[in-house]
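Novice: Before I ask anything, let me first share the structure, which is written out below as structure tokens.
2 protein chains.
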Amino acid sequence: MSEAIILAHGSGGRLSHELMERILLPPLANPLLDKLDDSAVFESSGYLAFTTDSYVVNPIFFPGGDIGKLSICGTINDLAMSGAKPLYLSLSLIIEEGLPLNELKLIIQSIKATTEKAGVKIITGDTKVVNKGQTDKIFINTSGIGAISPNINISGSNAKVGDDIILSGTIGDHGMAIMSQREGLKFEISVESDCAPLNEMVSQMILASHKIHSLRDPTRGGLATTLNELAHQSDVGIVIEETKIPIKEGVRAACELLGFDPLHIANEGKLIAIVDPHDTDKILASIKSNQYGKDAAIIGEITDAHKGKVVLKTKFGPSRLVDMLTGELLPRIC
Amino acid sequence: MSEAIILAHGSGGRLSHELMERILLPPLANPLLDKLDDSAVFESSGYLAFTTDSYVVNPIFFPGGDIGKLSICGTINDLAMSGAKPLYLSLSLIIEEGLPLNELKLIIQSIKATTEKAGVKIITGDTKVVNKGQTDKIFINTSGIGAISPNINISGSNAKVGDDIILSGTIGDHGMAIMSQREGLKFEISVESDCAPLNEMVSQMILASHKIHSLRDPTRGGLATTLNELAHQSDVGIVIEETKIPIKEGVRAACELLGFDPLHIANEGKLIAIVDPHDTDKILASIKSNQYGKDAAIIGEITDAHKGKVVLKTKFGPSRLVDMLTGELLPRIC
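These protein sequence lines map, in sequence, to chains A and B. Here this note's numbering is used: the first residue of the first sequence is 1386, the next is one more, and so on. Here this note's numbering is used: the first residue of the second sequence is 1386, the next is one more, and so on.
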């Protein structure tokens, strides 16, 4: 077998089968995937969540992760943000001719490790190969299906005046890790992506309380963009306090150096929870008990003032409006 | 709004929202999609089929279709080949910076028309934008969920010795349409892609008979590759007769001109049905009653000889082994 991907690996013919049988299927094998029909078939009843994301991150290997880990975590997290328990994923690869097979193997190993950690299964997939120069290394789409218990109603539309806003940890880690890698910048303190599956954290939160109104992971566009989306979707105002937002010293320094607002920098292992204030302490404790939630903090609240808008109380006293990201700081961040 | 896609349309921030609200959501609106949470939520019970495909076809507009129509038909057909009724699709776009907005609008209109024709809904989606030159125009991933009635058991593993093999129409139309467009070849007889949703045809077939053992759509790699997959999956032999395989004169001529074997050319609106011979006539009649099945024919049968292999009885008399596609005839065919 060739040491790099060639066009015939995407032909649907013999070499596609070889690629599947030698590289893709063995690490990911499970009874539903192994049937190799055009669709995978599973049984279910009740409410299901369905989501999709394509990952085009550049570089494909970065401090704290790679495109494989990211493509599993991202879709798992989108399911978890609806209060769903992630069950099944699809995996679709678009590969540039010439990608070294060893890199593909590393990515598949990373996918395997992340699905095992999160307790989900890949049950259907697809591989396309595109001529050299017509795409960049590898893009991955994962779609996902999760199960939602009948008593759960978590949505970006459910934030209520008086609710507390919890953030599960430090902001900006993923974006600055990618940036540092891409530009070859050396920061004094190294920065790693926070890329992580949050489904276990969400399960623990739901066990702790049924008064979680909204969950959202602040990925592209950062905390600022996601809070604006929530304010808009629930038609409420949001106030957050700068001094309460956790941020690592290395990320803060890198942002200052480059003139970035950390509120606009992508995260891949953090969530925002908007919760009934009666249960804030219980929910915060459950987040902090999770390995990915140790730095969780209450960062603000929902208000009936300035509906649809997000206001930041700065560390120096005055407040300012925080807008969605405009323009593009970091293309191909995820 | 800019007349072409810019990087900020993929930022997750303000321009991403504008793109969604102005271009993507209005044509595709439905209550599940409109919630705009990280996942769409729906209720279901019983057996579900789940499938995924990324589409990288080049050119993105071709005789008989475009990448939008193809991306809906392809995934609908994969669901239908499991005997599922397609219900919900995801839509994930990877767009090259600089794609004219008008082209994107045409693709979305085509997606809308095809989903409406097939009776499916797009309920979740994603958009990424990649720097100019780092991808080619637009790639689309669609994943799909369909419902399978409890008494249906259709799989590539179910072919039985003595079964008939029905092909729903002419072969090679999609591949040769792409080829003619891409290479600027002028064939004497014009060739159009057969790209079509086959879910209604499959519903009619299932109403006609419960003795459909296997269904498969012969896309990449063509009829030859798909029959080899079925022979392998069911551990049976397959015999087909060259004179019974429907092919349009223009496709035959183009294949002869270019030295292609039409058995290896992709189709996007055809199916192979492997059926109990007692119900062949009923099933064939139901296929012929569908607008996409008028040229359907019985092309061969399942045998206990040469297990795992496909044999073609040629029009001149002798038989030959028909292998999977090796190498790659037409990269980016779908």
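By construction, the Cβ of each residue, glycine as well, lies at the ideal position given by its N, Cα and C atoms.
Between B:Q1589 and B:S1674, what straight-line distance do the alpha-carbon atoms span, to the nearest angstrom?
Specialist: Your numbering for residue 1589 of chain B matches position 204 in the second sequence. Your numbering for residue 1674 of chain B matches position 289 in the second sequence. Roughly 9 Å separates the two Cα atoms.
Novice: Could you check where the alpha helix (DSSP H) with B:A1593 kicks off and where it finishes?
Specialist: The sequence position of residue 1593 of chain B within the second sequence is 208, counting from 1. Unbroken alpha helix (DSSP H) run through B:A1593: 1584 to 1593.
Novice: Cα separation between B:P1535 and B:F1435?
Specialist: Taking the second sequence and counting its residues from 1, one reaches residue 1535 of chain B at position 150. Taking the second sequence and counting its residues from 1, one reaches residue 1435 of chain B at position 50. Their backbone Cα atoms lie some 16 Å apart in a straight line.
Novice: What is the rounded straight-line gap between the Cα of A:C1640 and the Cα of A:Y1677?
Specialist: Stepping through the first sequence from its first residue, residue 1640 of chain A is reached at position 255. Stepping through the first sequence from its first residue, residue 1677 of chain A is reached at position 292. Distance between the alpha carbons of A:C1640 and A:Y1677 is about 22 Å.
Novice: Go ahead and label A:N1462 buried or exposed: buried means 16 or more other beta carbons lie within 10 angstroms of its beta carbon, across all protein chains shown.
Specialist: In the first sequence, counting from the first residue as 1, residue 1462 of chain A sits at position 77. Burial call: buried.
Novice: Looking at the structure shown, is A:R1705 part of a helix, part of a strand, or coil, going by DSSP?
Specialist: The residue given as residue 1705 of chain A occupies position 320 in the first sequence. A:R1705 falls in the strand class under three-state DSSP.
Novice: Can you pull the chain A residues whose beta carbon is under 7 Å from the beta carbon of B:T1509, in chain order?
Specialist: Walking along the second sequence from the start, residue 1509 of chain B turns up at place 124. Simply F1435, T1436, T1437.
Novice: Out of curiosity, what's the CA-to-CA distance linking B:G1622 and A:E1653?
Specialist: Within the second sequence, numbered from 1, the residue matching residue 1622 of chain B stands at position 237. Within the first sequence, numbered from 1, the residue matching residue 1653 of chain A stands at position 268. When rounded, the distance between both Cα atoms is 50 Å.
Novice: Shorter than 7 Å from the beta carbon of B:V1546 to some beta carbon of chain A?
Specialist: The residue given as residue 1546 of chain B occupies position 161 in the second sequence. So, not an interface residue.
Novice: Span of the beta strand (DSSP E) holding A:D1558?
Specialist: Residue numbering aside, residue 1558 of chain A sits at position 173 when the first sequence is read from its first letter. No beta strand (DSSP E) contains A:D1558, which is instead part of the alpha helix (DSSP H) from 1558 to 1567.
Novice: Mind listing, in chain order, the continuous beta strand (DSSP E) runs of no fewer than 3 residues lying wholly within the region 1393 to 1476 of chain A?
Specialist: 1425 to 1440, all fully within the region 1393 to 1476 of chain A.
Novice: Could you tell me which of B:D1708, B:F1427, B:K1420 sits nearest to B:A1609, measuring between CA atoms?
Specialist: In the second sequence, residue 1609 of chain B corresponds to position 224, counting from 1. The option with the nearest alpha carbon to B:A1609 is B:D1708.
Novice: Note down, in chain order, every chain B residue with its Cβ under 7 Å from the Cβ of A:S1736.
Specialist: Residue 1736 of chain A lies beyond the range of chain A shown here (1386 to 1719); nothing can be said about it.
Novice: Does any residue of chain B bring its CB to less than 7 Å from the CB of A:T1500?
Specialist: Here the question's residue 1500 of chain A lines up with position 115 in the first sequence. Closer than 7 Å: no.
Novice: Hey, is B:S1429's beta-carbon within less than 7 Å of any beta-carbon in chain A?
Specialist: Indexing the second sequence from 1 puts residue 1429 of chain B at position 44. Closer than 7 Å: yes.
Novice: At the level of alpha carbons, what is the spacing between B:T1555 and B:E1568?
Specialist: The residue you call residue 1555 of chain B lines up with position 170 of the second sequence. The residue you call residue 1568 of chain B lines up with position 183 of the second sequence. So the alpha carbons of these two residues sit roughly 22 Å apart.
Novice: Find out if the Cβ-Cβ distance for the pair A:L1656, A:L1697 is shorter than 7 Å.
Specialist: In the first sequence, residue 1656 of chain A corresponds to position 271, counting from 1. In the first sequence, residue 1697 of chain A corresponds to position 312, counting from 1. The answer is no: Cβ separation not under 7 Å.
Novice: In this structure, what does DSSP give as the bridge partners for B:E1686?
Specialist: In the second sequence, the residue the question calls residue 1686 of chain B occupies position 301. Partner(s): B:D1549, B:V1624.
Novice: How about B:I1445 and B:K1522: do their beta carbons lie closer than 7 Å?
Specialist: What you label residue 1445 of chain B is simply residue 60 of the second sequence in a count that begins at 1. What you label residue 1522 of chain B is simply residue 137 of the second sequence in a count that begins at 1. Yes, the pair counts as a contact, with Cβ atoms nearer than the cut-off.
Novice: With a cut-off of 7 Å, does the C-beta of B:T1460 fall near any C-beta of chain A?
Specialist: Reading the second sequence from its first residue, position 75 is the one you call residue 1460 of chain B. For B:T1460, the answer is no, since every Cβ of chain A falls outside 7 Å of its Cβ.
Novice: Quick one: which chain B residues come within Cβ less than 9 Å of A:V1636?
Specialist: Within the first sequence, residue 1636 of chain A is the residue found at index 251, counting from 1. Within 9 Å Cβ-Cβ: nothing; A:V1636 doesn't reach chain B, min ~18 Å.
Novice: Within 8 Å, do at least three Cβ pairs link the region 1528 to 1547 of chain B to the region 1626 to 1638 of chain B?
Specialist: Result no; under three Cβ-Cβ pairs closer than 8 Å.
Novice: Using beta carbons (cut-off 7 Å, strictly below), is A:L1710 in contact with chain B?
Specialist: Position 325 of the first sequence, counted from the start, is the residue given in the question as residue 1710 of chain A. Judged by the 7 Å Cβ criterion, A:L1710 is in contact with chain B.
Novice: Under a three-way DSSP split, which group does A:N1526 fall into?
Specialist: Here residue 1526 of chain A is taken as the residue at index 141 of the first sequence, counted from 1. Here A:N1526 sits in strand by DSSP.
Novice: Per DSSP, B:S1375 is paired with what?
Specialist: It is not possible to answer for residue 1375 of chain B, since the shown part of chain B is limited to 1386 through 1719.
Novice: Got a sec, what are the start and stop residues for the alpha helix (DSSP H) A:K1667 sits in?
Specialist: Position 282 of the first sequence, counted from the first residue, corresponds to residue 1667 of chain A. Segment 1665 to 1673, the alpha helix (DSSP H) holding A:K1667.
Novice: What residues from chain A crowd round B:N1516, counting only those whose CB sits closer than 8 Å?
Specialist: In the second sequence, residue 1516 of chain B corresponds to position 131, counting from 1. Neighbours of B:N1516 on chain A, chain order: P1716, R1717.
Novice: What residue range does the alpha helix (DSSP H) around A:L1643 cover?
Specialist: Taking the first residue of the first sequence as 1, we reach residue 1643 of chain A at position 258. First-last of the alpha helix (DSSP H) with A:L1643: 1634 to 1643.
Novice: Measure from the alpha carbon of A:N1526 to the alpha carbon of each residue in A:K1513, A:S1575, A:A1532, A:S1619, then state which is nearest.
Specialist: Position 141 of the first sequence, counted from the start, is the residue given in the question as residue 1526 of chain A. Checked all of A:K1513, A:S1575, A:A1532, A:S1619; the closest Cα to A:N1526 is A:K1513.
Novice: Return the residue from the list B:E1481, B:V1636, B:T1437 that minimises the CA-CA distance to B:Y1473.
Specialist: Mapped onto the second sequence, residue 1473 of chain B falls at position 88. Ranking the options by Cα distance to B:Y1473, first place goes to B:T1437.
Novice: According to DSSP, simplified to helix, strand and coil, what is B:K1513?
Specialist: On the second sequence, position 128 is the one that residue 1513 of chain B refers to. In this structure, B:K1513 counts as strand in the three-state DSSP scheme.
Novice: Closest Cβ-Cβ distance between B:S1534 and chain A: below 7 Å?
Specialist: Here residue 1534 of chain B is taken as the residue at index 149 of the second sequence, counted from 1. No, no contact with chain A.
Novice: If you reduce the DSSP assignment to three classes, tell me which class A:K1506 lands in.
Specialist: In the first sequence, residue 1506 of chain A corresponds to position 121, counting from 1. In the structure shown, A:K1506 sits in a strand (DSSP, three-state: E or B).
Novice: Would the beta-carbon of A:V1576 fall within 7 Å of that of A:S1565?
Specialist: Locating residue 1576 of chain A in the first sequence gives position 191, counting from the first residue. Locating residue 1565 of chain A in the first sequence gives position 180, counting from the first residue. Yes.
Novice: DSSP three-state label for A:I1493, please.
Specialist: Looking up residue 1493 of chain A in the first sequence gives position 108. It is helical.
Novice: Going by DSSP, what residue range makes up the beta strand (DSSP E) through A:L1697?
Specialist: Residue mapping note: residue 1697 of chain A aligns to position 312 of the first sequence, counting from 1. Its beta strand (DSSP E) spans residues 1695 to 1698.
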